[in-house]
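Heads up: the structure comes next, in structure tokens.
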Amino acid sequence: MPKVTSLIVPYATYLRVYEPLAAFPEPERSQWTDYARRTDRPSYQDELRRALADVAPTPPVLVPVHESEDAFVLDVDGVVCVCPWRTRLRGWLALEELDEELPPPVMDAVLPPVLRRQAAQDYERWLAINPDARPWIRTATWQVPINWFVLVSDEEREYDKGASADSPPVLRYRTPMVQARRRVARGLRALREAMDEGPLIDGLVDVGRWLEEFHPRSLVELDYGGLVHAVPAGTLEDDHSAADVAAGIAALRRGDGTAAGEAYARLVERWRSVRNLRSAN
Numbered sequence: 154m155p156k157v158t159s160l161i162v163p164y165a166t167y168l169r170v171y172e173p174l175a176a177f178p179e180p181e182r183s184q185w186t187d188y189a190r191r192t193d194r195p196s197y198q199d200e201l202r203r204a205l206a207d208v209a210p211t212p213p214v215l216v217p218v219h220e221s222e223d224a225f226v227l228d229v230d231g232v233v234c235v236c237p238w239r240t241r242l243r244g245w246l247a248l249e250e251l252d253e254e255l256p257p258p259v260m261d262a263v264l265p266p267v268l269r270r271q272a273a274q275d276y277e278r279w280l281a282i283n284p285d286a287r288p289w290i291r292t293a294t295w296q297v298p299i300n301w302f303v304l305v306s307d308e309e310r311e312y313d314k315g316a317s318a319d320s321p322p323v324l325r326y327r328t329p330m331v332q333a334r335r336r337v338a339r340g341l342r343a344l345r346e347a348m349d350e351g352p353l354i355d356g357l358v359d360v361g362r363w364l365e366e367f368h369p370r371s372l373v374e375l376d377y378g379g380l381v382h383a384v385p386a387g388t389l390e391d392d393h394s395a396a397d398v399a400a401g402i403a404a405l406r407r408g409d410g411t412a413a414g415e416a417y418a419r420l421v422e423r424w425r426s427v428r429n430l431r432s433a434n
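Mapping of the sequence shown onto our numbering: residues 154 to 434, in sequence order.
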């Protein structure tokens, strides 16, 4: 795999689950075991390069023809854990989300309807054979969804300023699956006692159900990904959004609506400039 010499910057953030090898059935377990021993494993930038290479031609390749055989690998306290890319599945899911986000004329101009219909039909056929399929990676653009911050703690925050163009800043959180699930449950209790059902609760329910699909000894990672390039260095270094979310939930739990509102206001102010960049020329 060639060395990355220039950056690709999609302003996307990622929620990843790394499962221990024991969670995978054979022969997949042996395949990932061999894969984890490789020293030339690709990075997330390599994954992005491949995706951009697919959409560059005319007509674009909306979803890869074959599923990716790559994964991210971590050693978690001596246990090898992998996060399969599953690029093809994620491509289908991303197309469904785009249909909800972009006006039809824009979608038709960027992604021809005939290609989208073909991709949808391919997905239906594939899903009939793989009804229990789920991605190990969730992606969001121009934001970190608030419900993701519920899963992590400020003490788990990892920040690296980056030393060069080839070594950009990194801001991420990593937490054991059991902790993430516990925080989801506590957060839902506090939110449901304080407010009616709404997008925040719905989003947290959704991500909680997703986490239940994985091995209990998995690791959950929230990665700012390419979004670090949209946030000034000083602002990024001072970003403690997980702490604000935790403070807001704690305030709701003790019935302090004022403190909860202040924590939410800090989040809104921090992320307003990033959201504004989304619609900037």
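For glycine and all other residues, C-beta sits at the position ideal for the given N, C-alpha and C.
Scanning its chain for C-beta atoms nearer than 6 Å, with the 5 sequence neighbours on each side dropped, one finds around residue 323 the residues 313, in chain order.
Apart from sequence neighbours up to five positions away, the residues of its chain that approach residue 390 with a beta-carbon distance below 8 Å are 312 and 314, ordered along the chain.
One Cα belongs to residue 412, the other to residue 305, and the distance between them is close to 20 Å. With respect to residue 294, residue 164 sits close: the two C-beta atoms are nearer than 8 Å. Listed in chain order, the non-local C-beta contacts of residue 430 below 8 Å within the same chain comprise 164, 295 and 383, local neighbours out to five positions each way being set aside. Contact between the segment 281–294 and the segment 228–245 is present: three or more C-beta pairs spanning the two stretches fall below 8 Å. Taking 3 residues as the minimum length, the beta strand (DSSP E) runs contained wholly in the segment 272–336 are 290–294, 310–313 and 323–329, in order along the chain. Rounded to the nearest whole angstrom, the CA to CA distance from residue 369 to residue 262 is 44 Å. Runs of the alpha helix (DSSP H) lying entirely within the segment 347–395, each at least 4 residues long, are 352–364 and 386–390 in chain order.
A distance of 8 Å or more separates the beta carbons of residue 264 and residue 201. Here the alpha carbons of residue 191 and residue 344 stand approximately 44 Å from one another.
One thing to note: residue 169 has its Cβ within 8 Å of the Cβ of residue 290. Boundaries of the beta strand (DSSP E) harbouring residue 224: 224–229, taken from the DSSP string. Annotated as distal: residue 234 and residue 380, with beta-carbon spacing of 8 Å or more. Note that the C-beta distance between residue 346 and residue 326 is not below 8 Å. For residue 166, the uninterrupted beta strand (DSSP E) segment begins and ends at 165–173. Shortest Cα-Cα distance from residue 195 to any of 223, 275 and 232 involves 223. Counting along the chain, the unbroken beta strand (DSSP E) around residue 237 starts and ends at 232–237. Rounded to whole angstroms, the Cβ separation of residue 358 and residue 341 is 7 Å, and the two are in contact under 8 Å.
One Cα belongs to residue 198, the other to residue 365, and the distance between them is close to 28 Å. Non-local C-beta neighbours of residue 282 in its own chain, meaning closer than 8 Å and more than five positions away in sequence, are absent. For residue 221, the CB contacts under 6 Å within the same chain, skipping 5 residues up- and downstream, are 238 and 240 in chain order. Per the coordinates, the alpha-carbon of residue 348 lies some 26 Å from the alpha-carbon of residue 254. Counted as a single uninterrupted DSSP element, the alpha helix (DSSP H) harbouring residue 426 occupies residues 410–431. With respect to the 8 Å criterion, residue 292 and residue 167 are classified as neighbours on the basis of their beta carbons.
If you check the CB distance, residue 302 and residue 330 do not come in under 8 Å.
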